[in-house]
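First up is the structure itself, then whatever we jot down about it.
Residue numbers (this note's numbering), protein chains in the order written: chain A, 1 to 90; chain B, 1 to 90.
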């Protein structure tokens, strides 16, 4: 979870990820990328919106990308959607 | 659900929405906007990815926007995240 300037959103409460983002900006990051897969994508949007509106009003969405990753499980391969949101300071 | 060039993604199976998008392009739309709120945002990304990879290989994501809407319910107001994905033909 400590890759530079990247926050991976999973199943924890939204505020955990918001705090991770705010911490990275406070440590000098110019941009932070919020990444999520599958159902966590909705939460990644929540995290981004809460960060912008409640904690870092000068933060803005610089880029959003969506994609597909192949996952290999016991039952064979499946596809899972991915999203990356790049947050920067205005 | 029949607004021009807009597909609202909710709780139905992904393929329902994929077919709605493909139909709109077949009817002459140059762009189709996929909209979702809350937990359906993850599904909207799935819908977009399945459309691009399996049904309309010439379709591309032109723009993605995220935002917040205020919802008023019996227990007061809450915020809900929103997403819009604009799909166009290359």
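Ideal Cβ placement from N, Cα and C applies to all residues, glycine included.
### Query
According to DSSP, is residue 30/A helix, strand or coil?
Reduced to three states, the DSSP call for residue 30/A is coil.
### Task
Would you kindly check if the distance between the Cβ of residue 73/B and the Cβ of residue 42/A is under 9 Å?
no
### Query
So which residues on chain B does residue 48/A lean against when the C-beta distance must stay under 7 Å?
66
### Task
Assign residue 1/A to one of three DSSP states: helix, strand, or coil.
Confidence in residue 1/A is poor, its pLDDT being 43 and thus under 50, which makes the residue's placement unreliable; the coordinate value appears in the next sentence. Coil, per DSSP.
### Message
Using the three-state DSSP reduction, which class does residue 57/B fall into: helix, strand or coil?
### Response
coil
### Query
Contact between the region 46-55 of chain A and the region 20-36 of chain B: three or more CB pairs below 8 Å?
As far as the Cβ criterion goes, the region 46-55 of chain A does not touch the region 20-36 of chain B, which means the pair count is below three.
### Task
Excluding the 5 residues preceding and the 5 following residue 10/A in the sequence, name in chain order all residues of the same chain whose CB lies nearer than 6 Å to its CB.
40
#### Entry: Coarse secondary structure for residue 37/A, derived from DSSP in three states
strand
### Task
Determine the closest residue to residue 27/A out of 70/A, 47/A, 46/A and 6/A, with distance taken between C-alpha atoms.
Of the candidates 70/A, 47/A, 46/A and 6/A, the one whose C-alpha sits nearest the C-alpha of residue 27/A is 6/A.
#### Entry: Segment limits, beta strand (DSSP E) that includes residue 86/B
76-89
### Query
Hey, would you say residue 82/B sits closer than 9 Å to residue 66/B, going by beta carbons?
yes
#### Entry: residue 6/A - containing beta strand (DSSP E), residue span
6-8
### Message
Within 9 Å of any Cβ in chain A, is that where the Cβ of residue 21/B sits?
### Response
No, its Cβ sits nowhere closer than 9 Å to a Cβ of chain A.
### Message
Looking at the strands, I want to know which residues DSSP matches up with residue 65/A.
### Response
Partner(s): 84/A.
#### Entry: Contact set between residue 83/B and chain A, taken where Cβ atoms lie within less than 8 Å
45
### Query
Near residue 29/A, what residues of its chain come up, given a Cβ to Cβ distance below 8 Å and the 5 sequence neighbours on each side ignored?
4 and 5
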